[in-house]
Each structure stands twice: as structure tokens, then as C-alpha cells.
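J.: Below are the C-alpha cells for one structure; questions will follow.
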Amino acid sequence: MSINTSLNRNIFYLALVQGSSFILPLLTFPYLVRILGPEYFGILGFCQASMQYLVLLTDYGFNWTATQQVAKYREDRGELTNIFWSVIFSKLLLAVLAFILLLVVCFFVTKYQQLWMVLLAFSPMVLGNVIYPIWFFSGGRKNEVDYTLQY
1 MSINTSLNRN IFYLALVQGS SFILPLLTFP YLVRILGPEY FGILGFCQAS MQYLVLLTDY
61 GFNWTATQQV AKYREDRGEL TNIFWSVIFS KLLLAVLAFI LLLVVCFFVT KYQQLWMVLL
121 AFSPMVLGNV IYPIWFFSGG RKNEVDYTLQ Y
């Protein structure tokens with residue numbers, strides 16, 4: 001396969017993933033507002049935003065730096081294995097720290113004390129972000145695998 005065709009295919013799949021990650025929430029938004037009502041929809045948004053901060057903490061820029069390393073050593077299977085496990089273990093460590101931070105905040109901040117069960121229900125977002133290696137697929141130019149796994 002030519003480089004140009006491979007590049008076009010990767011761009012297409014990245015656009016598909018990004019586009020669907022914007023379109024799907026827009027389709028579910030009216031339904032959720034109607035079913036939950038303004039108060040509970042606000043709680044849902046608050047908890048989801050709180051978890052996104054923890055996701056951001058666990059990402060720590062790996063989606064850029066690890067992607068670059070995977071692309072650089074794409075042909076070296078041993079180095080790819082080292083990169084993969086180093087990033088996964090680093091993200092797991094950051095996730096543990098993020099969950100400790102969440103527990104401390106839930107213990108001391110009144111608003112979070114009231115919502116700790118909802119926050120706990122949203123916490124798999126953080127773990128899912130840790131174990132899903134989008135950086136590995138992007139660096140290896142396997143964006144079609146990434147899209148297939150997501151949908």
C-alpha cells in the first residue's frame with residue numbers, strides 16, 4: 001500500500017472517530033434532558049466533568065508523546081513492548097493517584113460528599129481511559145482498529 005493511501009485512510013478513520021464522538025452526544029442530549037430533568041441532568045454533567053478532569057490527569061500527555069515513540073519504533077517489536085507497558089503502568093499509577101484525590105475531595109468538599117455514589121458510577125471512565133491504548137494504534141497507523149474497537 002502506498003504511503004499516500006495509508007495516510008488518507010488514517011486521516012479518514014481519525015475524522016470518523018472524532019466526528020462520531022461529537023455527533024452521538026448531540027443525538028442523546030434532548031432525550032436525557034427530557035427524561036432526567038434539569039436538576040439531575042446538571043448533576044450528570046457535573047459528575048461527568050469531574051471525571052474528565054481525572055481522565056486529563058491520567059492522560060498526562062501520553063496521547064502525544066507515546067504516539068510519537070510508537071511511530072518512531074514501529075518496526076522494533078521489543079521497543080514497542082517496552083513503550084506499551086511503560087505507558088500503561090504509568091497511567092495506572094496516575095489513576096491510583098487520581099482516585100485517592102477523588103476520595104479526599106469526596107471526604108472534604110460538601111458538594112462532592114452529596115454525589116459520591118454518582119461519582120463512583122462514573123469512575124470507570126478513568127479506568128477505561130487508562131487501559132484503552134489509542135496512542136498505540138495512532139502511532140502504529142492502525143486507526144481502523146481503533147475505530148472498530150470503539151464502535
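Mind the numbering: the sequence shown is residues 1 to 151 in the UniProt record's numbering, read in order. Ideal Cβ placement from N, Cα and C applies to all residues, glycine included. All figures in this text were calculated on a predicted structure; none of them were measured in a lab.
(1) Can you give me the start and stop residues for the alpha helix (DSSP H) that Val70 sits inside?
(2) Please report the straight-line C-alpha distance between residue 201 and Val55, rounded to a whole angstrom.
(3) Evaluate the contact criterion for the stretch 96-111 versus the stretch 119-136: three or more CB pairs, one atom per stretch, below 8 angstroms.
(4) In whole angstroms, what separates the C-alpha of Arg9 from that of Ser138?
(5) Helix, strand or coil: how does DSSP classify Pro30 here?
(6) Using the rule of at least 16 other Cβ atoms within 10 Å of the residue's Cβ for burial, across every protein chain shown, is Trp135 buried or exposed?
(7) Work out the CA separation of Gln68 and Ser86 for me, nearest whole Å.
(8) Below 8 angstroms, how does it come out for the stretch 69-83 and the stretch 22-40: are there three or more Cβ pairs, yes or no?
(9) Using DSSP with H/G/I as helix, E/B as strand and the rest coil, what is Asn143?
(10) Can you give me the C-alpha to C-alpha distance between Phe107 and Val130, rounded to a whole angstrom?
(11) If the criterion is Cβ atoms closer than 8 angstroms, does the pair Leu115 and Cys47 meet it?
(12) Fully enclosed by the stretch 76-124, which alpha helix (DSSP H) runs are 4 residues long or longer?
(13) Could you tell me the alpha carbon to alpha carbon distance between Met51 and Phe122, rounded to whole angstroms?
(14) Taking Thr58 and Lys91 to be in contact with their CB atoms under 8 angstroms, please state how far apart those CB atoms are, rounded to whole angstroms.
(15) Grouping DSSP H, G and I as helix and E and B as strand, with all else coil, what is Met1?
(16) Using 10 angstroms around the beta-carbon of Tyr40, count the other beta-carbons present and answer buried if the total reaches 16, otherwise exposed.
T.: Taking the coordinates as given:
(1) Phe62 to Lys72
(2) Given that the chain is displayed from residue 1 to residue 151, the structure contains no residue 201 and the question cannot be resolved.
(3) yes
(4) 12 angstroms
(5) helix
(6) buried
(7) 14 angstroms
(8) no
(9) With a pLDDT of 49 at Asn143, under the threshold of 50, the predicted position of this residue should be treated as unreliable, and no value is reported.
(10) 24 angstroms
(11) yes
(12) 77-108, 110-114 and 116-122
(13) 7 angstroms
(14) 5 angstroms
(15) In this prediction, Met1 scores a pLDDT of 48, lower than 50, which makes its location untrustworthy; the coordinate-derived value is nonetheless stated afterwards. Coil at Met1, not helix or strand.
(16) exposed
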